[in-house]
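Only one structure is covered here, and it is reproduced in the block below.
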Amino acid sequence: MKVVLESLQRLSHLKVEPKYSPMLYKYNKHELKFEPILRLKYFRWVVIGIVLMSFVSINTMEIKDYERILEININGEREFTESKLVKELKQYKNIKYPHIVLAQAKLESFNYSSRIFIENNNLFGMKEASVRITTAEGTQYKHARYKTWQESVLDYVLWQNRYGSKCKTEQQYYSLLNGYAEDTNYQAKLKNIINKNNLKELFN
Numbered sequence: 298m299k300v301v302l303e304s305l306q307r308l309s310h311l312k313v314e315p316k317y318s319p320m321l322y323k324y325n326k327h328e329l330k331f332e333p334i335l336r337l338k339y340f341r342w343v344v345i346g347i348v349l350m351s352f353v354s355i356n357t358m359e360i361k362d363y364e365r366i367l368e369i370n371i372n373g374e375r376e377f378t379e380s381k382l383v384k385e386l387k388q389y390k391n392i393k394y395p396h397i398v399l400a401q402a403k404l405e406s407f408n409y410s411s412r413i414f415i416e417n418n419n420l421f422g423m424k425e426a427s428v429r430i431t432t433a434e435g436t437q438y439k440h441a442r443y444k445t446w447q448e449s450v451l452d453y454v455l456w457q458n459r460y461g462s463k464c465k466t467e468q469q470y471y472s473l474l475n476g477y478a479e480d481t482n483y484q485a486k487l488k489n490i491i492n493k494n495n496l497k498e499l500f501n
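Residues 298 to 501, numbered by my numbering, are exactly what the sequence shown covers, in order.
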């Protein structure tokens, strides 16, 4: 920055003797003669303009760098860990049986390793809804696709509010989930995951 400013100051003090006006020339091959293209007294302003344009480019590059850093920080917040999922579930005060929901996420995503989760941000194996509000942005691999995994959580909350609002006990909720998956051992698998990982304790 200091070097650029000093260069501008030096250029702005350039002087041309008033006795003549030196010029830059180019050769016209059709008329076989040299033709003036730029008086030197204007040349310094051209140079100053080039320097200023470079300076603007540097600033633009710096702004883009800041934008890139900001984007990295935002994406960093979107990175997934199970502890972040637990925190996300806790923020929904009206969600029912979050330990069962967490067990579903672990089961449906093959412990957060499935293609549907990694590429679709889909934690719960949800299909794109057609008769309720949804946060899905489309379908991919026959499952709902979300912009972020947080939107997948929100979509599950919307599903639960729509279909599970009348469930008063865990067993009623497990019964509701009988229609969630085709696996006849779905309930038993969820209960096993909950007991094995002490998931209830995470929400006490």
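No residue lacks a Cβ here, since even glycine has one placed at the ideal position from N, Cα and C.
Beta-carbon spacing of residue i, residue j below 9 Å
i, j, result
"Leu420", "Val383", "no"
"Met423", "Ala441", "yes"
"Asn417", "Asn458", "no"
"Asp452", "Thr432", "yes"
"Gln484", "Asn475", "yes"
"Gln447", "Glu379", "no"
"Lys387", "Phe500", "yes"
Distance between beta carbons of residue j and residue i, contact taken as under 8 Å
i, j, result
"Leu473", "Cys464", "6 Å"
"Ile491", "Ile397", "7 Å"
"Tyr470", "Lys393", "6 Å"
Cβ neighbour criterion (16 or more within 10 Å) applied to residue i
i, result
"Glu405", "buried"
"Thr481", "exposed"
"Tyr443", "buried"
"Arg429", "exposed"
Reference residue i, options the options, closest by Cα
i, options, result
"Asn408", "Gly461, Thr481, Lys497, Phe377", "Phe377"
"Lys381", "Ser427, Ile430, Thr445", "Thr445"
"Tyr460", "Asn489, Glu434, Ala426", "Ala426"
"Arg411", "Ile430, Tyr438, Tyr389", "According to the sequence shown, residue 411 is Ser rather than Arg. Checked all of Ile430, Tyr438, Tyr389; the closest Cα to Ser411 is Tyr438."
"Lys488", "Arg429, Val428, Gln468", "Gln468"
Residue i Cβ short of 8 Å to the ligand SAM heavy atom set
i, result
"Asn417", "As for the ligand SAM, it is missing from this structure, which has no ligand bound."
Any C-beta of chain C under 9 Å from that of residue i
i, result
"Ala426", "Here there is only one protein chain, and chain C is not present."
### Ordered list of beta strand (DSSP E) runs contained in the region 435–489, each at least 3 residues
435–437, 440–442
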